[in-house]
Each structure stands twice: as structure tokens, then as C-alpha cells.
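The sequence shown: position 316 = 316 (the numbering used here), numbered continuously. All remarks here apply to the structure that follows.
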Amino acid sequence: MKSLRVRLPGVSPAAIGGTLATRLLATAMSFAAGVIAARDLGVQGRATFAVMMSIPGVLSVVTVLGVDNANARFAGTSHTAFRQIVRWSVAFSLVAGSVLPGLWLLLGYLWPVVLLSVPFPLAVVVATMCPAALLTTLLGMAEIGRGRVAMYNLVSTVPAVCYLAGVCGLVAAGLLTPASCFLSALAGQLVCAGVLLIAAFTRVHADGEPLSAHAFGRFAIRTYLPDLIQYGMLRLDVPLIHMLAGATAVAAYAVALPLAEGLLLLPTAVGLVMFPAVTSGAVEARATARIARTVFAAAALAAATAAAAAPLLIPAVYGQPYAGAVPVIWAMLPGLVVFSAARSIQPYLAAVGLLRPVIAATAIGAIVNIALLVALAPRYAAIGAGVADSVGYLVLATLVGRGALLGVHARRGLTAEPAIEERPADPSHPSAGRWSVKTAGSRLRGAYPRQVRSGPASRTPLAVAGLLTAAGAACLATVYQPAAGLVVVALACLMIRDAGLYVLAAAVPLSQAGGGASLITPSVLGALMLICLLGRIVAGQGIARPKLIGVLTAVGTVGYMAVTSAVLGDTNVQGAAGTWQYLVLVCAPLFLLPLVAEPGRALDRALLLFCWGSVILAVVEIVHIDSIFATRTDLTPTITAAVAMTQEAAANHNAVGALFVMAAAVLLSRYPAVRGCLPRLATGAGVVVLTLGVAYSLSRAAYLGGIAVVAAYALRRSMRGILALGFGALCILPLLPAAIAARFGSMLGGTMDADSAVRLDLWSSALRMFEEHPALGVGYLNFARELSAYYEATGDYEVMPLQLSSLSFAHNTYLTVLSQTGLVGMVGIGSLAVFGGRRAWRAIRCGDPAGEAALLAMVGVGVCSLFGEVLLVPPLLAGLMLIILAVKPDHAEVAPSPPVLARASAAVAVAR
């Protein structure tokens with residue numbers, strides 16, 4: 001016993017032993033009941049019962065919102081606080097414990113797949129367990145918080161006793177079914193909740209100050225996420241495996257799950273006893289480190305024993321059909337052993353307020369787990385799920401250990417939250433003591449003598465690790481299941497600071513890749529921007545605040561477009577709804593990006609990611625188009641260019657060209673300020689690649705836009721620079737393929753092709769619409785419906801193959817705006833363009849290079865908009881918005897705004 005006290009300083013080995021014994025007893029009884037049920041129900045029935053039992057557990061853990069941890073922390077402050085906690089727990093269990101199960105039932109009624117093959121009547125019975133299970137958890141943690149661990153241990157065996165007795169009785173009566181087996185477990189939860197309510201009337205502490213609801217809720221929310229994800233990494237696997245690999249895999253995993261959870265009994269028992277000791281100051285950092293090492297050694301010994309015994313016990317106990325669970329157990333054990341040590345550190349971190357490292361590590365571990373589960377479970381069934389769990393726990397434990405150490409040192413000198421009371425102490429009630437991070441850092445430094453870096457430097461590797469992990473996991477998951485890849489990306493954006501902005505910047509060039517349009521759809525882009533906004537709120541950054549005049553102008557203009565489209569357009573309800581949805585998705589960047597992106601280092605790095613993503617896309621496009629040129633040497637250059645533009649699954653060449661023009665504008669404006677030989681060389685090479693990308697895009701609009709950007713850039717430089725730039729362009733032209741030269745030459749004169757003739761006739765039709773409806777236009781997206789009445793073919797081509805009903809725009813942004821929204825819409829959009837141009841010009845006058853990048857991008861895209869609607873492509877509009885929003889809005893020197901050359905809705909960039 002003395003040796004154990006040395007290895008477990010500050011906590012009672014007897015209390016840990018009692019907690020562990022009762023947990024083992026409850027687990028043994030549940031294990032016995034599970035064996036009996038598995039043998040009698042068969043594989044299919046056992047799988048159904050496993051899903052039924054997992055659903056209340058998952059819903060309860062999701063619904064608890066950290067209230068269980070707050071109960072454990074604050075229940076021991078006074079009897080008054082404990083009575084408050086009991087009342088809150090009962091109310092919370094009845095309300096929150098019914099809402100989520102009710103929502104699950106509603107969704108299951110509408111979409112039966114949500115019920116995971118559980119019949120609806122049984123699903124109603126499953127939902128009734130959630131409030132009881134939640135109340136049992138909350139009251140049990142409150143008993144632990146006021147030091148009655150023995151009472152909690154005794155009561156926690158009640159559900160297992162009722163479950164085992166019920167299963168044995170049902171087997172004897174020959175009535176054992178998944179439903180009756182579940183009812184016996186439900187009875188155990190109800191009895192346990194009743195016993196805990198009766199025990200709550202026992203007075204342990206004296207009356208004292210009431211508990212602050214704000215402090216209680218704040219602590220609960222902060223501790224909620226790590227517990228949710230760590231629990232879900234095992235329990236959430238059951239429904240996921242059921243969807244990915246079927247019922248047989250669920251049965252094997254369900255057999256391995258109790259043994260895996262049994263390995264976590266020791267760290268759980270240690271954590272339950274440690275938590276009150278840490279909050280009272282009896283356990284400090286050095287003691288926590290020693291306890292973690294002891295738990296790791298014990299867990300390793302238990303895992304070795306379990307691994308050796310599993311091949312003999314599993315077939316003997318469950319039967320030969322469940323022998324496949326043995327390799328699942330082996331796959332789970334390594335990660336669980338390491339996680340046991342990390343789990344023992346968490347009570348200490350919660351007490352001193354250092355939960356951020358735990359949250360970050362938990363998020364990264366969960367991302368790894370989900371990605372591997374989606375990738376491995378369909379192919380390797382339950383074994384793949386076990387490997388995914390193990391790797392996820394290994395990553396989590398490693399990052400918790402390092403992140404906690406670095407977090408303590410980074411916050412040294414700041415005042416942490418008090419462990420017991422979070423309100424000024426009453427003189428008549430002496431304080432139980434306050435913690436400071438400086439003290440915690442000194443203690444933890446004694447336990448970990450190794451020197452570490454400062455806070456700002458130490459956070460960078462963790463953020464980079466999170467981003468790389470999320471990127472790798474998303475790619476791996478997308479290969480097997482695109483929807484799962486998007487889920488991983490969404491989790492990373494929510495959990496990792498500024499990750500959403502980087503993903504959004506990378507998504508813009510990705511959307512113009514060969515298959516990127518099907519992955520980055522307008523709805524996905526809108527969802528990504530919403531996730532970015534939510535991620536800022538979760539990270540405590542708040543919402544960026546654009547200037548009111550810009551917001552009102554954007555809202556008024558888009559609202560006007562929606563109203564005129566509905567009034568002047570199709571009276572069909574379904575058609576009007578489709579128009580409204582399209583308008584919302586197209587204009588989403590105008591409303592959401594000003595709330596998400598603001599000038600600073602994060603947005604600058606996001607723009608660099610946008611530029612280099614565009615460079616990579618340019619390289620891919622150059623290789624692809626050049627291969628077409630090489631294989632179609634039998635055609636004339638003009639026809640070869642047309643063939644390259646009309647390849648199957650090819651991106652819109654006008655949109656790709658405009659993207660390269662924007663990216664080149666950003667790199668070109670940054671080039672003079674780049675320091676260092678290699679960075680300047682890389683930036684220059686990027687500009688050259690993007691220039692070639694514009695050439696290989698075969699977009700004449702991009703050619704003119706690129707020339708405009710170069711001209712605007714050269715006007716602010718010396719004549720020598722202009723001559724050098726012109727000479728370089730002349731040297732490059734002879735090296736380009738003949739198809740590109742022919743495409744470029746078609747702009748300079750010669751015979752007009754059919755495409756150009758149709759475009760001129762569309763422009764003429766748009767002008768006629770404007771002459772007929774000058775004020776309001778024909779309504780947004782009503783161009784195709786009205787085109788047949790205004791179209792006149794003047795070129796040498798056939799009109800019949802045109803399909804006028806499919807031509808929704810005039811192939812000119814400015815004429816599209818005039819014809820569909822009239823002068824009113826043009827004034828609104830023009831005002832937004834003025835705001836963006838004025839903001840960029842002010843920044844140029846103050847020496848901000850972001851201002852020149854914004855102005856060059858607006859000039860280039862404005863010229864491209866003369867020959868198409870590139871900014872009606874939401875990713876391109878988002879890219880231009882990011883470039884303009886990178887400009888700092890507040891400058892002392894004000895200059896008149898220049899002529900607006902870019903399409904306003906893009907420039908919208910929103911003055912802030």
C-alpha cells in the first residue's frame with residue numbers, strides 16, 4: 001500500500017481500488033449478460049441489440065453539453081450549490097434528454113435510414129431511455145463532486161444487476177428478443193436514477209453561497225468537446241460501421257468494444273478520484289505526471305494479458321462465429337494503452353483551465369479516426385475500424401502530452417480561473433484557494449524538466465500539424481467517400497483556427513480543375529463560407545464588421561434583383577424557387593465573405609495559397625492542352641484550339657483564364673516587396689507560369705484582361721520597365737503553339753468566326769431589351785425567356801442549332817446587368833464597384849501593396865467581363881472578394897476614386 005501511495009500521490013489507492021472494483025463488477029455483469037444474449041439472439045439479433053443500446057449512449061453524450069463535468073466540479077462547494085445542481089440536472093434531463101431523441105424519431109419517420117434498421121416502434125422505446133440515462137450520469141457525477149465516490153460506485157452497479165437479472169429471466173422464460181433485452185436495460189437505468197434522487201437528500205456539506213449559473217455553464221461548455229469526441233471515437237463507430245460494412249462487422253466490433261472499454265476503466269477510475277483532489281489542491285503537476293506513468297504501466301500490463309487471452313476466451317465465451325473479434329481487439333489495444341496515460345492528465349488540465357491543448361488534440365485525433373474509418377471499414381470491416389480507433393487515440397494522446405506542456409508555458413503569468421468558486425469570495429466563507437497558471441507552470445515544469453519554446457512559437461507546430469492532418473485525412477476519405485471528405489474538412493474548419501479561410505482559398509482554384517466543379521459546387525462553397533463564419537465564432541474571433549453603407553447597398557441591390565426576378569419573371573412557383581436559390585448561391589460571397597475575411601496575416605497567407613493553387617492548376621492545364629495539341633497535328637490551328645476548348649469534362653476556359661489573371665495580378669503586385677533570392681525567384685516563376693496558363697486557357701477575354709493588367713502595372717513603373725516587359729512578351733510569342741497564336745490572332749482581325757458573330761448578336765439583343773425596359777430591365781435570369789423576341793441573326797451562321805432558350809446571359813457582364821436589372825440595378829452594382837475601387841486606391845496612395853493587387857485584379861476581371869460572365873461563377877467571385885478584402889480599409893490619406901473598370905458585384909468587396 002505504501003508503494004501505491006508513492007506511485008499515486010495525492011489520491012487514495014483505496015478509493016481508486018473501490019471504484020475500479022465496482023466498475024469491473026458492473027462490466028463483468030454486463031459482459032455476462034452480453035454473452036448470454038449473443039448466444040441466444042444470434043449474430044443478426046446481437047447486432048440489432050448493439051445498435052439499440054448504442055443510440056441512447058450516443059444521444060446522451062451529445063446532449064450532456066459538459067453538465068456532468070460541471071456537476072463534478074461544483075457539487076462539493078456547498079449543500080446549497082448541490083441542491084441547485086440536482087434541480088438543474090432533473091430539468092436538463094427532461095428537456096435536453098427529450099429534444100434530441102425526438103428529433104431523431106422525426107427524421108427517422110421521414111427517412112427510415114436514419115433509424116439504422118431499427119423498427120420505428122422499437123425506436124420509440126429506445127428514445128425513452130435517453131432522459132433516464134442522462135439523469136443517471138448527471139446525478140452520479142454530482143455525487144462524485146461532493147466526495148461520495150463510494151456511494152456512486154455502489155449505485156453504478158444497479159443497471160448492470162437489473163440487466164443481467166432481466167436477461168437471465170427472459171432466457172429462462174424463452175422470451176429473449178432484442179426488444180425485451182433492451183427493456184431490461186431500461187429498467188436498470190430507471191432504478192438507478194431513482195436511487196440517486198433519493199440519495200440526493202443526504203446532507204454532506206453545510207449551506208453556503210448559491211452557484212453562479214454563468215460560471216457553471218462556462219465551465220460545462222469548455223469541457224464538453226473533448227469528452228464528446230473521446231467517447232464518440234469508440235461509440236460512434238457502431239452506427240458508422242453499420243452503414244459502411246454491415247451488420248456482421250457490427251457484431252464483431254460490438255464483442256471487442258467491452259474489452260476495449262474495460263481497458264479504460266483504470267484511467268476512468270483514477271480520473272474520478274483525481275478530479276476532487278485536483279480542485280482542492282491535493283494533486284499538483286508532479287503528482288499528475290507520476291500518476292500518468294503508473295496508469296500507463298498498468299494499462300500496458302492489462303493489454304498484454306488481454307491480447308494473449310483473447311484467442312482463447314472469445315471463441316470459448318461467445319462462440320466460434322465471433323472469433324473474428326480477436327484481431328479487432330489486437331488492433332485497438334496499442335492506441336488505448338497510450339491514451340490511458342493521457343486520460344489521466346485531463347483532470348489536472350481541467351482544474352487549471354488549460355483545456356485548449358486538449359480540445360485541439362481531440363479534434364485532430366477525431367479527424368484522423370473518421371478518415372481512417374471511412375477508408376478502412378468498407379474494405380477491412382471491423383478490423384479496419386479497430387485500426388482507425390487505435391491510430392486516432394495514438395495521435396490524440398501524443399498531442400495532449402505535448403500540447404498541455406506547451407500550453408502551460410505559453411500562458412505562464414496569466415491568471416487562471418479559480419478551481420472552486422468563480423465569484424468574489426465572501427469574507428464569512430474563506431476561499432478554498434486559487435490557482436494561477438504561473439504556479440501550474442512551475443509545478444508542471446518540475447515534472448517535465450525539458451526546456452520548451454515560447455508560446456507563439458509553440459502554437460505554430462500544433463496548428464500546422466492540425467492543417468496537415470486535416471488535409472491528409474480529407475484526401476484519404478474523399479478517395480473512398482467524397483461526402484466523408486467534406487465532413488473531415490468541415491470538422492477541421494471548426495476546430496483549427498483560420499483553417500476555414502485557407503480551405504476556402506484553396507477551393508477556388510480547385511473548383512476550376514477537371515473534376516473540381518462537381519466537388520466544389522455553389523452549395524458546397526456556400527456551406528464552406530458558413531462553416532468559416534461559425535469557426536470564427538468558435539475560436540473567439542468574432543464576426544468581421546463591414547461598413548454599414550456597403551452592407552446596405554449589397555443587400556438592397558440583391559434584394560432588388562430578387563424582387564424584379566419574381567415580379568417580372570416566371571409565375572411558376574417551382575421556377576421562382578429555383579431562381580431564388582440560384583441568386584442566393586451566386587451572391588453568397590457578397591454577404592458572407594465580408595463577415596469572415598479581414599485584413600491580416602491569415603488572409604495574406606490564404607491569398608498566397610490561392611495564388612499557388614492557381615499556379616498548380618496552370619501547370620496541369622498547360623500539360624493537358626499541350627498534349628491535345630501534340631495529338632491533333634492533322635487539324636488546322638484554329639480547329640485544334642476549338643477541339644481543346646470543347647474537350648469532355650473540361651472547365652470553362654473563360655473562367656479558368658480569369659482565375660489565372662487574378663492570381664497573376666496578386667503575385668505581380670507582391671513581387672517588388674519580396675525579400676530573399678529564392679522567394680523572389682519563386683514569385684517570378686509563378687507569374688511566368690500563370691502567364692502561360694492564360695495563354696493556354698485559349699480565352700480571348702483572358703488575353704485582353706492579362707494585357708490590361710500588365711498595362712496598368714507598367715503605368716506605375718519606369719519606361720525602362722515597360723520596354724523590358726514588352727520585349728519579353730515579344731520573345732515569348734514565337735515560342736507559343738500555332739493554335740494559341742491563331743486564337744490570339746483572331747482578336748486582331750481577319751474573318752469573324754461563328755462564335756464571335758453570335759456574341760455580337762447577343763449584345764445587340766441585350767441593348768434592345770434595355771431600350772425597351774430601361775428602368776427595371778426584363779428581370780434577373782429572364783434573359784433566355786425574352787431572347788427569342790429580341791434576337792436578330794446578322795452573321796453567317798445557322799440560328800436553329802443555337803437553342804436560344806439555353807442562353808441565359810448576354811456574354812457581357814455589363815450588358816447582362818443592363819438588360820436584366822435596368823438602370824436601377826446598374827446604379828446599385830456600380831456603387832458597389834466604386835466602394836471596392838475607392839478602397840483599393842486609398843491603399844495604393846498609402847503604400848499598401850494589397851491595394852495594387854486589388855486594383856490590378858479588378859482591372860483584369862473587369863476587362864474579362866466584357867466578353868463573359870466570369871463573376872457569375874461563385875468561386876471566381878469569392879476569389880476576387882478575398883483579394884479586395886485583404887486591403888486595409890482605414891487610411892488617413894484620401895484620394896478620388898479612379899474609373900471603375902471591374903464589374904461591381906465582384907468589387908463589392910465591401911467597404912468596411
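We treat Cβ as the ideally placed atom computed from N, Cα and C, and that holds for glycine.
Simplified DSSP state of residue i, which is helix, strand or coil
{"i": "histidine 624", "result": "helix"}
{"i": "valine 661", "result": "helix"}
{"i": "histidine 811", "result": "coil"}
{"i": "asparagine 782", "result": "coil"}
{"i": "methionine 645", "result": "helix"}
{"i": "proline 774", "result": "coil"}
{"i": "arginine 545", "result": "coil"}
{"i": "serine 697", "result": "coil"}
{"i": "glutamine 512", "result": "coil"}
{"i": "leucine 65", "result": "coil"}
{"i": "phenylalanine 201", "result": "coil"}
{"i": "proline 327", "result": "helix"}
{"i": "glycine 76", "result": "coil"}
{"i": "threonine 19", "result": "helix"}
{"i": "arginine 675", "result": "coil"}
{"i": "histidine 496", "result": "Here the sequence assigns isoleucine to residue 496, which means histidine is not the residue at that position. Coil, per DSSP."}
{"i": "alanine 14", "result": "helix"}
{"i": "proline 599", "result": "coil"}
{"i": "isoleucine 740", "result": "helix"}
{"i": "glycine 847", "result": "coil"}
{"i": "glutamate 852", "result": "helix"}
{"i": "serine 764", "result": "helix"}
{"i": "methionine 561", "result": "helix"}
{"i": "leucine 116", "result": "coil"}
{"i": "tryptophan 111", "result": "coil"}
{"i": "alanine 793", "result": "coil"}
{"i": "asparagine 654", "result": "helix"}
{"i": "glycine 966", "result": "The question about residue 966 has no answer here: the residues shown for the chain are numbered 1 through 912."}
Neighbourhood of residue i by C-beta, 8 Å cutoff - its chain only, sequence neighbours within 5 removed
{"i": "alanine 32", "result": "Leu164"}
{"i": "aspartate 207", "result": "Ser78, His79 and Thr80"}
Cβ neighbours of residue i in the same chain (closer than 7 Å, five flanking residues each side left out)
{"i": "serine 614", "result": "Pro509, Leu659, Phe660, Ala663 and Leu690"}
{"i": "methionine 561", "result": "Leu583, Tyr780, Thr821 and Gly825"}
{"i": "valine 295", "result": "Leu266, Pro267, Val270, Ser340, Ala341 and Ser344"}
{"i": "glycine 108", "result": "Val114, Leu115, Phe120 and Ala123"}
8 Å contact criterion, which residue i and residue j should meet: CB distance rounded
{"i": "glycine 392", "j": "alanine 342", "result": "Not a contact, Cβ separation roughly 12 Å."}
{"i": "valine 273", "j": "threonine 19", "result": "6 Å"}
{"i": "glycine 825", "j": "glycine 777", "result": "6 Å"}
{"i": "valine 61", "j": "leucine 138", "result": "Not really, about 12 Å apart at Cβ, beyond 8 Å."}
{"i": "threonine 27", "j": "leucine 265", "result": "7 Å"}
{"i": "serine 340", "j": "leucine 263", "result": "7 Å"}
{"i": "leucine 176", "j": "leucine 183", "result": "With 8 Å as the limit, leucine 176 and leucine 183 do not qualify as a contact, their Cβ atoms being about 11 Å apart."}
{"i": "serine 344", "j": "valine 270", "result": "5 Å"}
{"i": "alanine 306", "j": "isoleucine 329", "result": "7 Å"}
{"i": "alanine 544", "j": "alanine 597", "result": "7 Å"}
{"i": "proline 875", "j": "serine 565", "result": "At roughly 23 Å, the Cβ-Cβ gap does not stay under 8 Å, so proline 875 and serine 565 are not in contact."}
{"i": "glycine 76", "j": "arginine 146", "result": "4 Å"}
{"i": "proline 589", "j": "alanine 878", "result": "4 Å"}
{"i": "leucine 617", "j": "alanine 513", "result": "6 Å"}
{"i": "leucine 501", "j": "alanine 606", "result": "5 Å"}
Cβ neighbours of residue i in the same chain (closer than 6 Å, five flanking residues each side left out)
{"i": "leucine 132", "result": "Looking at the sequence shown, residue 132 is not leucine but alanine. So the qualifying residues of the chain are Gln189, Leu190 and Ala193."}
{"i": "alanine 935", "result": "Lying before the first or after the last residue shown, residue 935 is absent from the chain, which here runs from 1 to 912."}
{"i": "alanine 249", "result": "Ile241, Ala381 and Ala382"}
{"i": "alanine 507", "result": "Ile520"}
{"i": "leucine 592", "result": "Met529"}
{"i": "glycine 686", "result": "Val615 and Leu667"}
{"i": "isoleucine 625", "result": "Ala644 and Tyr696"}
{"i": "proline 315", "result": "Ala323"}
{"i": "tyrosine 348", "result": "Val278 and Thr288"}
Worksheet item: Hey, which unbroken runs of the beta strand (DSSP E) at 3 residues or more fall wholly within the stretch 234-311?
Response: none
Discussion item. For a minimum of 3 consecutive residues, which ranges assigned as the beta strand (DSSP E) are wholly contained in the stretch 124-207?
Written reply: none
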